[in-house]
Structure formats: C-alpha cells, structure tokens
Amino acid sequence: MLLNYTIDGFENIQHQDYYSLQKIINKLTTLYRLYGYHQISTPTFETYDLYVHEDSIPCDDLFKLVNHQGKVLVLKPDATLPVTRMAAMNHPNPDEIIKFSYQTNIYRNFSSPEMIKKEITQIGIEYFGNDTPECDGEVIGLAILSLLEIGIKDVHIDLGHVGFINYLFEELTLSSFERETLFQYIENKNIGDIACFVKPLNLSTAAKEMIAKLPTLYGEPKTVLKEMKAFCLNGKMEGVVEKISEIYCHLEVMGLAEYVSFDLGFTNQMNYYSDINFKGYINNWGEPVISGGRYNNLSEKFGIPRPACGFAIDLIKVIDYMEQENLLPVDTQSRHAIFYDDDDKAMAYTIANDLRTKNEISEVFMIKTDWGFHVQSLRENPLYKNAIIYFLSKGKLCIVEGDQYLSLKSNEIKREVD
Amino acid sequence: MVIRFALAKGRVAKKAIELLTELGYVFDDYSEKSRKLIFTDTTGTIEFFLVKSPDVPTYVEKGAADIGIVGKDVLLEHPAQVYELLNLNIGRCKMCVAGYEDRPLPYGKKMVVGTKYPLIAKTYFNAKNQLVDIIKINGSVELAPIIGLSDCIVDIVESGNTLRENGLSVLEEICDISSCLIVNQVSLKTKRELIDPIIQEFKTQL
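Each protein sequence line maps, in turn, to chains R and B.
One rule links them: number in our numbering = place in the first sequence (from 1) + 3.
One rule links them: number in our numbering = place in the second sequence (from 1) + 156.
Next up, the structure:
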C-alpha cells in the first residue's frame, strides 16, 4: 500500500536506532572535541560546478536539480570537498593549522544495485595545514579510537600509500589506457588478469614480475615494509617506505599499532587521495566502515595550497553491525504516565513538571474511559514499554503495579525518584 | 572461525567441490541430490553453500561468504567490489559474437543483439563505436537470429556444438572466460591466516 510513497535507497531511522545513533554521535563528537577539532556544518546543496571536474565522483552518481536562476545544483555527494572549500575561504593563510569535525548526510545516486543506500550518514574529521607523519598518525589513531570508544573491539585499519604504485609506474613506459587497466586490476587484486595483460607489453621481465606481485603487498606491517624495500626503483618510492614506517612508529607510541596492517595495492582511482589512504574494517562485517587518507592537492582548487588528512565513518553501517552484535546503547530510561481526572488537571501538571525538573520523562493524559482500559492500551504500546502509570482522581494519586492500584502521596513519587 | 564458500550452482560447483576434495577437504554430508543448503567439511574449517551464479558476487561483496567461485562472465555482467584473486582452470570457454557466416554484421547501421549478457554486449560494441539495440533473453539465445529477432547474439561458447547445429558460427571473440576465485575485501585482511593457505592450495592446482 505504501509502495508509491517510498524510494529505494532511502529509509527511516526508527526511534530505537535514532537514540543509539545520537548517543554514538555524542560520544564521537566529544572525542574529536577533546583532540581539538571544531565542529562545523556545510550546506546540503552544492553547485554542480564544484564536482563536474572532480574525477573522484562520477557525474552520473550526483543528484542534480536546477534552481530558479537555472543554476545546476547537486545534493552534497561528499563531505571533504565542501569542508576543504570552507577552510580555504575562511582561513586564507595556508600554514595555519585547522582541525574540523562534521556530522552530515551525503547523497549518491548509485545506479545499481537498486536497493543500495543512497543517503549515507557520516561523521568525520579533516586536519589541514600539517604534512607530518604525526598528523597522519593522529588521524589514523582517531579512526581506531572512534570505533573503540563506542564499544567495538575487532577493529582493523588497512593502511596504504597511492604514491608507491604511482612512483613505480613513473619508471615504466605505459599508455594511459594500459596504466588505468593495470590500476584497476591491482585495486581488485586480479592477479590472473594482470599476468595475461602484461605478457604482450613492452616491459622487462623484472618489471612484469613486480607488477604481478603488487597485489600481494599486504598484511603484517613489518613484513610488508621489508618486502616493499625490494620494490624501490627510485628515491620517491624509498620516501614512501620511510613515511609509512614513521607513521607506524607513531601509532606504536600511541599504543594502537596492533590494529594496523598495510596494503600497498590501494590506488588513487576514483578518489582524491594523493598520499596515504586507509580503510577501517570490523571483523565479520563484509564492508569497510571507515575511509580516509591524505589529499594534499584538493585545496589548491580553492586557491589555497594546503596539505590535509582526514577520514569519514559510515554511521549506519556501524549501527547495523552493533545491532547484530548487541552492542547498541539502549534507551533504558523509564517514563512516567499520569492519567488525571478533569478536576485534577492542575495538580497533574505540577507533579509532571516536578518530575521533569529531576530529568524524569513524564507525560499527562486525561482519563477518558475505564482505568483498566487505559492501562491495557498503554502496556500494549511498545513506545511505553517501561512506563510507570499513575492515576490522579479526586486529589488522590495511585500507582499501577500489576493489576493493582496502590494509593500514593504526591511527595512519595519524588522520594521514589530520588 | 570458519571460511565460507559461495559456489555457483551447476558445472562450476561440481568442479569446485572436486577441487576442494582433491585439496583434502572431506564433505561427508554432501551428495548431489542432498537437499541441505550448507555443507561443512569434517575438520570444521570450511563450509560451502550453492547459489545461483549471479548471486555469488553479491554474497561475497556483502561478506555473507568469504570466498566465491563463479564464472568471469558473471563478474563482467554483475560487477562487484571483491578481490578477483585467481583465474581457475575450470569452466574455460569464450564470450563470442555469433551469427550467420554469410551475413556480415551490419556495422555502421542499426544492429540488434540478443543476449543473456546486456552489459558485456553493450560495452563491447560501444568500444567499437557501434550503437546497438540489446534484447535481453534468458535462455536458448541461439533462437533469436534464427527467427529474425536479432542480427547476432552475444553468448558463451564452449564447444560450439549448439551454434553449429543451428547453422550459426562464431563471428567475433570478445574475451576468454574461466571460473574465478573471488574473495571478500575485508575477509582477505581480517581472516588472513585462514584464507591465505586455501588460496595457496588453489594456486598449486593451476
């Protein structure tokens, strides 16, 4: 019956989930605040022009609309670009340190599969103006801490660096088509097809073997670092090895190294990362929940060259996981429902207000029928699962316990609550 | 922790189960006629279930299965965010354009293509700058050119017998197809100690 009134890819958040979502958002916002991040917000609409030249988001994935001046707008498909623009507009000094956090919905008009979520609820941080491994370490560390903070233990961060492959490919003479195809194969760890694809190419055997091995450069950080050294063909690649080993050291100091593994098979296809990038996983959950990295070239678009690093968490995926594992914070606060006779209205409102000043949830209803009927209908309503029910009639207050009505003095409610 | 396989029902699953048995995994509760949906090996380290082939990438992408074995044709037609680690030596065949040998394909004109693989067909012809009308057909694709529904078909060709019996032949080869071993992107990292040895064993079979 509702079929015509719902859209695939968009959904309601029920009250239980919304409560959990808010709790989680509060915890994370507090965490970021304690690390010095300022919370900000950017508009839901952006101009199409902002994204049209951005390779990271295909234009077909944008929700477009036209405003009354004929300008093409899009629903914000990403948080990083607007936050970067905001930093560039309000803080023109490129050396300034700027730390922003945000919580927002983003929208992607994915064409398939039909049921995929198109409204994505994100929370994240962006750290501008600092290009050191300490900054990367702080951002990765906060990504780990975010999940730990909300009670998830099986956290994995997979850290890569897009430069490693880019600098390796600089040494090889390949057409842009060959390069893109290989990048895609490497990203998908498609070892079989890489072997077939490089066979007819005009490359040395050593180079071919190296390309075929790139997808296997992942796993335990120290082992991978050793393997990486054998790949270095130029100073830039050595620089990458040095940089990620420094970040790893930083995470060791933070006591978070155990959560990190490396994967040098990440490329910068379909994203704006220029340096390190990482994904956050939770054990037994098939999709990444965190995505982040360094994007030192993005701010230049807005006239201010400025290094930056950040991440975003997909909150709905996190909540789905926590629900499955029974980790969600549950609303356990009881609520008071006071039914009153018309004559006792003033007293009912006084009692309810008193309760509210003590942070107790209280609601008042006029008695319309039989008391038993009111009790039964409230008990059947899942929204009043933990409700304490009172009746106020002729100046006397009764509390409902089981099927009994026990009389109570109004000051006794307060005492109970205290 | 158990490693879960999603196998594409039919030929591919049969070969894959043979391969797993060769690798030393024993499934004593499995028989082709069994109505059970999920089977565990005697050591309890791996289990598998059989699903329709286009569902395999979905199960693996979502992490409901750690590893999947499915034809490359399915991966090309239903792209999924998975690692396509190995091309296995099972289910080898070719994706081809087939039609009548004495009737050249109407390049540069309107061309109608009947196929089970609309995405593959469209990508192939568009790369050759040929616009095509695609008619999606779910089975007996060979029928389409015979009764004049389409100029040609795009389909998997293994021996070519069906084509020959119906007077059709391969006009163009699109790509090689074999079964692929695909792995969930998170499982490969978080269950590495368990998945790596399995992949190595599959590699030795190649």
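We treat Cβ as the ideally placed atom computed from N, Cα and C, and that holds for glycine.
Note that the structure is a prediction, hence the values are computed from the model and not measured.
Item	Value
Take every Cβ of the stretch 275-293 of chain B, pair it with every Cβ of the stretch 340-353 of chain B, and state whether three or more of those distances are shorter than 8 Å.	no
Is there at least one Cβ from chain R nearer than 8 Å to Leu242(B)'s Cβ?	yes
Are the CB atoms of Lys192(R) and Glu217(B) within a distance shorter than 8 Å?	no
Beta carbons nearer than 8 Å to chain R: which residues of the stretch 263-284 of chain B have them?	none
Assuming contact is defined by CB atoms lying nearer than 8 Å, are Asp81(R) and Ile119(R) in contact in what I supplied?	no
Buried or exposed for Asp139(R), going by 16 or more other Cβ atoms inside 10 Å?	buried
Taking the DSSP output, what are the residues bridged to Glu404(R)?	Gln407(R)
Give the straight-line distance between the Cα atoms of His234(B) and Asn245(B), rounded to the nearest whole angstrom.	21 Å
Between the Cα of Ile330(B) and those of Asp311(B), Thr318(B), Gly323(B), spot the shortest distance and give me the residue it belongs to.	Asp311(B)
For Val165(R), which of Tyr352(R), Cys252(R), Met273(R) has the nearest alpha-carbon?	Met273(R)
With DSSP collapsed to three states, give me the class of Ala220(B).	coil
Using alpha carbons as the reference points, say which of Arg88(R), Glu14(R), Val55(R), Gly283(R) lies closest to Pro310(R).	Arg88(R)
Apart from the five residues just before and just after Asp64(R), which ones in its own chain have a Cβ nearer than 7 Å to its Cβ?	Pro80, Arg111, Asn112, Phe113
Helix, strand or coil for Lys397(R) per DSSP?	coil
May I ask whether a heavy atom of the ligand PLP can be found less than 7 Å away from the beta carbon of Asn112(R)?	For the structure depicted, the ligand PLP is absent and the ligand set is empty, with no information on it obtainable.
For Val168(B), which residues from the same chain have a beta carbon less than 8 Å from its beta carbon, with the 5 sequence-adjacent residues on both sides left out?	Ser209, Ile225, Val226, Gly227, Ile246, Gly247, Ser335
For Trp288(R), which residues in chain B fall below 8 Å Cβ to Cβ?	Gly219, Val342
Tell me where the beta strand (DSSP E) around Gln106(R) begins and ends.	101-110
In terms of residue numbering, what span does the alpha helix (DSSP H) encompassing Ile27(R) cover?	18-37
Please return the same chain residues whose Cβ sits closer than 7 Å to the Cβ of Ile159(B), not counting the five positions on each side in sequence.	Thr201, Ile202, Asp222, Ile223, Lys347, Leu350, Ile351, Ile354
Quick check: the stretch 183-191 of chain R against the stretch 221-228 of chain R, are there 3 or more CB pairs under 8 Å?	no
Along the chain, where does the alpha helix (DSSP H) containing Asp352(B) start, and where does it finish?	348-360
For the pair the stretch 163-178 of chain R and the stretch 121-130 of chain R, tell me if three or more CB-CB distances fall below 8 Å.	no
Between the stretch 193-206 of chain R and chain B, which residues of the former have a C-beta closer than 9 Å to a C-beta of the latter?	Asn193, Ile194, Gly195, Asp196, Ala198, Cys199
So if I threshold CB-CB distances at 7 Å, which residues from the stretch 139-162 of chain R count as touching chain B?	His159, Asp161
Rounding to the nearest angstrom, what Cα-Cα distance links Ser396(R) and Ser337(R) in this structure?	23 Å
Find the residues of chain R that neighbour Arg348(B), judging by a C-beta separation of less than 9 Å, and give them in chain order.	Tyr221, Gly222, Glu223, Ser264
Within a Cβ cutoff of 8 Å, which residues of the same chain sit near Val69(R), ignoring the five residues on either side of it in sequence?	Val75, Leu76
Check for me: the alpha helix (DSSP H) holding Ile194(R) runs from which residue to which?	194-201
Please report the Cβ distance between Glu152(R) and Leu31(R), rounded to the nearest whole angstrom; I am assuming they are in contact, meaning their Cβ atoms lie under 8 Å.	7 Å
With a 10 Å radius around its C-beta and 16 neighbouring C-beta atoms as the bar for buried, classify Gln42(R) as buried or exposed.	exposed
Measuring CB to CB, does Ile160(R) end up less than 8 Å from Val263(R)?	yes
Provide the residue(s) that pair with Ser335(B) in DSSP beta bridges, ordered along the chain.	Gly227(B)
Please state if the CB of Ala340(R) and the CB of Tyr387(R) are separated by a distance shorter than 8 Å.	yes
Name the chain B residues whose beta carbon is nearer than 8 Å to that of Pro291(R)?	Gln341, Val342
8 Å is my cut-off, CB to CB: does Tyr324(R) come that close to chain B?	no
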